[in-house]
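Under the numbering used here, the first residue of the sequence shown carries the number 4, and numbering increases by one thereafter.
Ideal Cβ positions, reconstructed from N, Cα and C, are used throughout, including at glycine.
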Amino acid sequence: MPAPIDINAVVTESSTAFAARFNAGVGTAKPTYKQVATVLPSSAGATGYGWLGDFPRLKEWIGDRQLKELAKHKYTITNKLFEASIGVPRVDYEDNDYGRYGIIFEQMGYDAAVYPDEHVFNLLKNGFTELCYDGQPFFDVDHPLETTPASTASNIVGDPAATGAPWFLLDTSRPLKPLIWQERIAPVFTAMTEESNSEVFMKDMYYFGTRARGNAGYSFWQMAVASKAALDVANFEAAIALMMKQKDSNGSSLKIRPTLMVVDVSLRAAAEKLLKRKTLDNGEDNTHYNEVELLVSQDL
Numbered sequence: 004m005p006a007p008i009d010i011n012a013v014v015t016e017s018s019t020a021f022a023a024r025f026n027a028g029v030g031t032a033k034p035t036y037k038q039v040a041t042v043l044p045s046s047a048g049a050t051g052y053g054w055l056g057d058f059p060r061l062k063e064w065i066g067d068r069q070l071k072e073l074a075k076h077k078y079t080i081t082n083k084l085f086e087a088s089i090g091v092p093r094v095d096y097e098d099n100d101y102g103r104y105g106i107i108f109e110q111m112g113y114d115a116a117v118y119p120d121e122h123v124f125n126l127l128k129n130g131f132t133e134l135c136y137d138g139q140p141f142f143d144v145d146h147p148l149e150t151t152p153a154s155t156a157s158n159i160v161g162d163p164a165a166t167g168a169p170w171f172l173l174d175t176s177r178p179l180k181p182l183i184w185q186e187r188i189a190p191v192f193t194a195m196t197e198e199s200n201s202e203v204f205m206k207d208m209y210y211f212g213t214r215a216r217g218n219a220g221y222s223f224w225q226m227a228v229a230s231k232a233a234l235d236v237a238n239f240e241a242a243i244a245l246m247m248k249q250k251d252s253n254g255s256s257l258k259i260r261p262t263l264m265v266v267d268v269s270l271r272a273a274a275e276k277l278l279k280r281k282t283l284d285n286g287e288d289n290t291h292y293n294e295v296e297l298l299v300s301q302d303l
């Protein structure tokens, strides 16, 4: 008669192996959200961003009234839960058939690493309707400016009601990027394998998974321009000019300069034609060659 299998020892060993595969998946992932968003820690279910008022020169950027609104925590980001789990039947351990789950845990690690991408780029895409700190959509034609006399500023090129695929120019050169990824809990691998656990006992399953908490938000609209107009030379130059003309409440230049273009897959060819060709069709040099970096996001 064969010796009985020490299930507890096998489960412990496999848990270590599954965790290693999870971490391998995290390591192979190449998320892109950090190219457009600054990662900031969170210590509660929702975090207010009144502390943004401590940034140097912020009073000049946004004016007294909006600074006071920030100080009263009018702009908050509420954390969301991400979780994924899988149950491994006890019989798979008894039959030495649990190794096939390794690739699943590797994929789980990959998914956990890139899950902020979807939230960050969806928020960027929805910036025509989602509100930022001044109570206006992040991309808007009349952001209020506390100038004398009062005035407004736009960070949209063309008609905001147009139905074309949006494209974006961002200044990502600063410590605080145009978007925020608020991280409450980073993805972590967990295991439920105790025999005394009722779920394990009643269902004859061992459970493994990951969970994380976080969410995306906006920082300063002045560092971003969006357009639904055609992605061509004229509109690209208009977007650059609009960005570089942004001024503070005293009328001084904010010295913003675009460093990154973000497009969806449908605009990849147009963006590469604009930015990646050294020579134009007429044989002249392309003055916009590599003027900004290009990011093609499949999450837009």
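Using only CA atoms, which one of G30, L84, E275, D302 lies nearest to N289? Numbered from 1 along the sequence shown, position 286 holds the residue referred to as residue 289. Comparing Cα positions, the closest option is E275.
For R93, which residues of its own chain have a beta-carbon under 6 Å away from its beta-carbon, when the five flanking residues on both sides are left out? For the purposes of this step, residue 93 is taken as residue 90 along the sequence shown, with counting starting at 1. Excluding positions up to five away in sequence, the list reads D207.
If you count every other CB in all the chains shown that lies within 10 Å of the CB of N11, and 16 or more means buried, which is it? Your numbering for residue 11 matches position 8 in the sequence shown. N11 should be labelled exposed.
Does the pairing of the segment 159-169 with the segment 228-238 give three or more beta-carbon distances under 8 Å? These segments touch.
Selection from Y209, T193, G105 that minimises the alpha carbon distance to N200: By one-based count along the sequence shown, residue 200 stands at place 197. Nearest of Y209, T193, G105 to N200, Cα basis: Y209.
Residue ranges of each beta strand (DSSP E) run of no fewer than 3 residues wholly in the segment 206-271, ordered along the chain? Counting whole runs of 3 or more residues, the segment 206-271 contains the beta strand (DSSP E) stretches 208-221, 227-230, 263-266.
May I ask you to report which of helix, strand or coil DSSP gives E327? This structure cannot settle anything about residue 327, because the visible part of the chain is limited to 4 through 303.
Measure the alpha-carbon distance for H291 versus S154 and round it to whole angstroms. Within the sequence shown, the letter at position 288 stands for residue 291. Within the sequence shown, the letter at position 151 stands for residue 154. Near 32 Å, if we compare the C-alpha coordinates of S154 and H291.
Looking only at its own chain, which residues have a Cβ that is under 6 Å from the Cβ of S157, when we skip the five neighbours before and after it? Counting from one through the sequence shown, the residue named residue 157 turns up at place 154. The residues are V144.
Which first and last residues belong to the beta strand (DSSP E) in which E294 is found? The residue labelled residue 294 in the question sits at position 291 within the sequence shown. For E294, there is no enclosing beta strand (DSSP E), as DSSP marks it with neither H nor E.
Does the beta carbon of V191 fall short of 7 Å from some heavy atom of the ligand MN? In the structure on display, the ligand MN does not appear, and there are no ligands present to speak of.
Where I188 falls, given that 16 or more other Cβ within 10 Å makes a residue buried: Start at 1 with the first residue of the sequence shown, and residue 188 comes out as number 185. By the 10 Å Cβ count, I188 comes out exposed.
Should the segment 212-229 be called in touch with the segment 95-107, which here means at least 3 C-beta pairs below 8 Å? Contact fails: fewer than three Cβ-Cβ distances are below 8 Å.
Are K83 and N218 touching if we call contact CB-CB under 8 Å? Walking along the sequence shown from the start, residue 83 turns up at place 80. Walking along the sequence shown from the start, residue 218 turns up at place 215. It is a contact, given that the beta carbons lie within the stated cut-off.
Are the segment 245-255 and the segment 17-33 in contact at 8 Å, needing three or more beta carbon pairs? When C-beta atoms of the segment 245-255 are compared with those of the segment 17-33, fewer than three pairs fall below 8 Å, so the two segments do not count as touching.
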